[in-house]
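Down below is the structure, laid out as structure tokens.
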Amino acid sequence: MSRKIADSVQVPDQEWTAFVRENLLRWYDKNKRELPWRKNKDPYRIWVSEIMLQQTRVDTVIPYYERFMESFPDITALAKAKEEQVLKAWEGLGYYSRVRNLHQAVKEVAATYEAKVPTDPKAVASLRGIGDYTAGAILSIAFDQPVPAVDGNVMRVFSRWFALWDDIVKLSTRRKMGVLGTHLVPSDRPGDFNQALMELGALICTPVNPACGKCPVQATCQAYEQGVQAELPVKKKAKPPRPMRINMAWIRKGGGQVLLQCRPNEGLLAGMWGLPTMEAGQGELVPGDSLVPLLTEQEVPVEWGQVLGEFEHVFSHQRWQVTVVDGFVREDISVLPDGWRWANETERRRLAFPNVYRKAFALAEKRKKGLSGFQGRLL
DNA sequence: TATGCGTGGCG
DNA sequence: TCGCCAAGCAT
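Each residue of the first sequence is one higher than the one before, counting from 1 in UniProt numbering.
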């Protein structure tokens, strides 16, 4: 039995709902994984875990989470930390705006809410980097509020459970799923129920080869009944990443200093430091040429050496074919424009670099070892 | 509403 | 090798 509601979502009746709540929670109690953020219900710990887990696998997150919590055990500690230090803790995790937003939001909580995560849903949802899902997760898991937390796992589960053929990429579908979640989440143990749905998606109702034989709610699953679980959820394919030819410059001067460029504050790898980077065509680095102007207003005179190597790096929307070119400066440039700096190895260890630049460093340093007699030409 | 935003693992 | 995927959010 089910009844229709305004936007045509079929909402299960009370009896059915009670049945699946009970079965799902029983399954969860028995099968849930021991995860570091499940040790207690500290809202800050839940919060950090939810941000890290956005579009990121549990196994990847765990070591980052442990280190992050050691460095920044509570809101006050994170609020006081320098952004450079916080970014360093995130290095390699990707989607770096997540941690900038988290840092900003934590500082706001420290200043406005006496360093305690607010329990008011509107206040939580207004924080930087917290959307519908994360707000629901924090409120239900940490504060036992009966609100839904619909993530990708839950959408997949709902899509199969109720045989919904809506494209889960669409926002309208997400809203529809939110309606379902609102009706299903119990006022008793709402956080466990939400986590049980996600855990079911992660362990049983997996994207490929779902383990329907082990599913605690198989008897109520419409996709299973119709034999269409492999065709659900419907998800529009993403466009393949756009191929791009990228040049990076490994420019040195004396004292082991390397020239770094800060990326623009918006777009890919926003605000992150890296090697001077340009799209091929926008500033060709020709080995053997001398005194090629660099991309700063003041034209740092660089003499290019050789191509140190090439590698590929794939982002969500871009596929970089990177060429790393060796260069050195004849004259010392004491003053660099904003967004440029020389950094020695110690300083570089302190900075956070996205993986594409870590690859470039590794390549350049490996090649550098094979180069002899070059040091003498450096200033 | 559709798109941009990282990275690593898996079949 | 390659496409797809993983506890989303901001714009």
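Glycine residues also receive a C-beta, built at the ideal position from the N, C-alpha and C atoms. In this text, all values refer to a predicted model and were calculated from it rather than measured experimentally.
{"Check": "Looking at C-alpha atoms only, which residue of Glu50, Asp120, Asn31, Arg26 is the closest neighbour of Trp37?", "Outcome": "Glu50"}
{"Check": "Which term fits Thr206, buried or exposed, when burial requires 16 or more other beta carbons within 10 angstroms of its beta carbon?", "Outcome": "exposed"}
{"Check": "Return the chain-ordered list of same chain residues with a C-beta closer than 7 Å to the C-beta of Asn344, the five sequence neighbours on each side being excluded.", "Outcome": "Gly255, Gly256, Gln257"}
{"Check": "Taking only the alpha-carbon atoms, compute the straight-line gap between Val147 and Met177 and give it to the nearest angstrom.", "Outcome": "13 Å"}
{"Check": "Sorry if obvious, but does the Cβ on Pro337 come closer than 7 Å to a heavy atom of the ligand HEM?", "Outcome": "Absent from the structure shown: the ligand HEM. Ligands present: none."}
{"Check": "Cα-Cα, which of Gln306, Leu268, Gln261, Lys32 is closest to Pro276?", "Outcome": "Gln261"}
{"Check": "Output needed for Glu91: all residues of its chain with C-beta closer than 6 Å, excluding positions within five of it in sequence on either side, in chain order.", "Outcome": "Ala352"}
{"Check": "Please state the DSSP three-state secondary structure of Thr173.", "Outcome": "helix"}
{"Check": "Does His183 come out as helix, strand or coil in the three-state DSSP assignment?", "Outcome": "helix"}
{"Check": "Helix, strand or coil for Lys32? Go by DSSP, reduced to three states.", "Outcome": "coil"}
{"Check": "Which one of Ala125, Lys82, Gly191, Cys212 has the shortest CA to CA distance from Ala230?", "Outcome": "Cys212"}
{"Check": "With DSSP run on the structure shown, which of helix, strand or coil describes Leu268?", "Outcome": "coil"}
{"Check": "Do Ala196 and Trp47 have their C-beta atoms within less than 8 Å of each other?", "Outcome": "no"}
{"Check": "Excluding sequence positions up to five away, which residues of its chain have a Cβ less than 8 Å from the Cβ of Thr119?", "Outcome": "Leu139, Phe143, Gln145"}
{"Check": "Can the beta-carbon of Phe162 be found less than 8 Å from the beta-carbon of Gln10?", "Outcome": "yes"}
{"Check": "Rounded to whole angstroms, what is the Cα-Cα separation between Gln306 and Arg160?", "Outcome": "56 Å"}
{"Check": "Mapping DSSP to helix, strand and coil, what is Asn355?", "Outcome": "helix"}
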